[in-house]
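Protein chains: 2
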Amino acid sequence: MKLSAKGEYGVRAMVMLALCYDDGPVPLREIAEKENISYQFLEQIFLPLRRAGLIDSVRGPKGGYALARAPGEIKVGDIIRALEGPIAPVDCVSEGKSDRCGRTEACLTRGIWEKLRDRMSQLLDEITLADVIGLSADST
Amino acid sequence: MKLSAKGEYGVRAMVMLALCYDDGPVPLREIAEKENISYQFLEQIFLPLRRAGLIDSVRGPKGGYALARAPGEIKVGDIIRALEGPIAPVDCVSEGKSDRCGRTEACLTRGIWEKLRDRMSQLLDEITLADVIGLSADST
DNA sequence: ATAAAGCTGAGTAAATTTATCGGGATTACC
DNA sequence: GGTAATCCCGATAAATTTACTCAGCTTTAT
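Line by line, the protein sequences give chains A and B. As numbered in our numbering, residues 74 to 213 make up the first sequence, in order. As numbered in our numbering, residues 74 to 213 make up the second sequence, in order.
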């Protein structure tokens, strides 16, 4: 039930981009240093984030990455999904899927995982980057 | 953010024990067959469950495993914790721990993981085996 | 005595995660 | 137009975890 390093680093990096939202693009190297994350590993993390449309990139000198939208418009759930795939404690209840597996007994446990998935999703979609950096009221 | 097979199998096996709660000890081999789980792998799963006091074992012929308490007294969270360790999306907010890590920025993301941990814990502790097998009202 | 069951540590193959490498493509600046 | 900063990206390697297997023991009903 753990997040991978990818997800954790990704959220941290996105929070940093949120803090720098008004400063123009931030080079990856800077984020890697400040967050003490391998630069090359971070590159791998930023690729799916960009493909998911969460960040924009600018090449060349003075380039770097910036949030594609205001911090209040980016949910933590968006980041996690981009990096770790659909939120689900077990595969057979992945967000989107609705097929049941064959086992009759499985249907007994299925409800647990659906509820858990929904609560996790709901919370992660309730929190935006703006919440995290304290730009808006606490969303407890 | 996935449960391991250990956790998933463990919950399924415990649900089966709940269904057989009045039938005396159930041999592991039977559970393994019905649930289509490797017998030897299940053995490894039942060890921590027993050590956590969730099940009782009876050796010898006619032996097997049975829930240590009524299905209504065993929470899904108990099972998960016995098999996967403390519930926590990232290590630094493991249940019990309260120390903060050095990074200043980490404190920004910490709140997310604490909330997520609490919601997950809360839900899993709300659901007992009795709920799962339908002996009591739905705990949505 | 026998066989059915649980008990348990050690070992292993596969998968996944966490990186690293190497080089290419853009572009601001001089 | 050359240079250096920066993003882009596929391939590979190292480390870790997962999911299981093996082998052999202990207990106990019959």
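Here a beta-carbon is modelled for each residue, glycine too, at the ideal position from N, C-alpha and C. Keep in mind it's a predicted model, so treat the numbers as computed, not measured.
Closest residue to LYS75(B) among ASP204(A), TYR138(A) and ARG154(A) (Cα-Cα distance): Within the second sequence, the letter at position 2 stands for residue 75(B). The alpha carbon of LYS75(B) has as its nearest neighbour, out of ASP204(A), TYR138(A) and ARG154(A), the alpha carbon of ARG154(A).
Note down, in chain order, every chain B residue with its Cβ under 9 Å from the Cβ of ILE206(A). Here residue 206(A) refers to the residue found at position 133 of the first sequence. Within 9 Å of the CB of ILE206(A), the CB atoms of chain B belong to LEU181, in sequence order along the chain.
Write down every uninterrupted run of the beta strand (DSSP E) in the stretch 104-180 of chain A whose length is 3 residues or greater and which is fully enclosed by it, in chain order. Counting only runs of 3+ residues, the beta strand (DSSP E) found wholly inside the stretch 104-180 of chain A occupies 128-131 and 137-140, in chain order.
Can you find a C-beta in chain B that's less than 8 Å from the C-beta of GLU81(A)? Counting from one through the first sequence, the residue named residue 81(A) turns up at place 8. With 8 Å as the cut-off, GLU81(A) counts as an interface residue toward chain B.
Mind pulling the chain A residues with CB within less than 7 Å of LEU196(B)? In the second sequence, the residue the question calls residue 196(B) occupies position 123. Within chain A, the residues placing a beta-carbon under 7 Å from that of LEU196(B) are LYS188, LEU189 and ARG192, ordered along the chain.
Grab the span of the alpha helix (DSSP H) containing ASP96(B) for me, first residue to last. For the purposes of this step, residue 96(B) is identified with residue 23 of the second sequence, where counting begins at 1. Per DSSP, ASP96(B) belongs to no alpha helix (DSSP H) and is neither H nor E.
Out of LEU120(B), GLY97(B) and MET87(B), state which residue places its alpha-carbon closest to the alpha-carbon of ILE104(B). Numbered from its first residue, the second sequence carries residue 104(B) at position 31. The shortest C-alpha separation from ILE104(B) is found at MET87(B).
Considering just the uninterrupted stretch of the alpha helix (DSSP H) at LEU202(A), what are its terminal residues? Locating residue 202(A) in the first sequence gives position 129, counting from the first residue. Taken as a continuous stretch (DSSP letters only), the alpha helix (DSSP H) holding LEU202(A) covers 202-205.
Validate contact between the stretch 201-209 of chain B and the stretch 136-154 of chain B using beta carbons, cut 8 Å, 3 pairs: Result yes; three or more Cβ-Cβ pairs closer than 8 Å.
Do you know how far the Cα of ARG192(B) is from the Cα of GLY97(A)? For this step, residue 97(A) is matched to residue 24 along the first sequence. For this step, residue 192(B) is matched to residue 119 along the second sequence. Their backbone Cα atoms lie some 36 Å apart in a straight line.
For my contact list, PRO100(B) and GLY136(B) are in at a C-beta cut-off of 8 Å; report their separation, rounded to the angstrom. Reading the second sequence from its first residue, position 27 is the one you call residue 100(B). Reading the second sequence from its first residue, position 63 is the one you call residue 136(B). So it is a contact: roughly 7 Å between Cβ atoms.
Which value, in whole angstroms, describes the spacing of the CA atoms of ASN109(B) and GLY80(A)? Numbered from its first residue, the second sequence carries residue 109(B) at position 36. Numbered from its first residue, the first sequence carries residue 80(A) at position 7. For ASN109(B) and GLY80(A), the gap between their C-alpha atoms comes out near 33 Å.
Roughly how many whole angstroms lie between the Cα atoms of ARG190(B) and ARG123(B)? The residue given as residue 190(B) occupies position 117 in the second sequence. The residue given as residue 123(B) occupies position 50 in the second sequence. Put simply, the backbone Cα of ARG190(B) is about 25 Å away from that of ARG123(B).
Report yes if the C-beta distance between ALA141(B) and LEU120(B) is below 8 Å; otherwise report no. One-based indexing of the second sequence puts residue 141(B) at position 68. One-based indexing of the second sequence puts residue 120(B) at position 47. Not a contact, by the Cβ cut-off of 8 Å.
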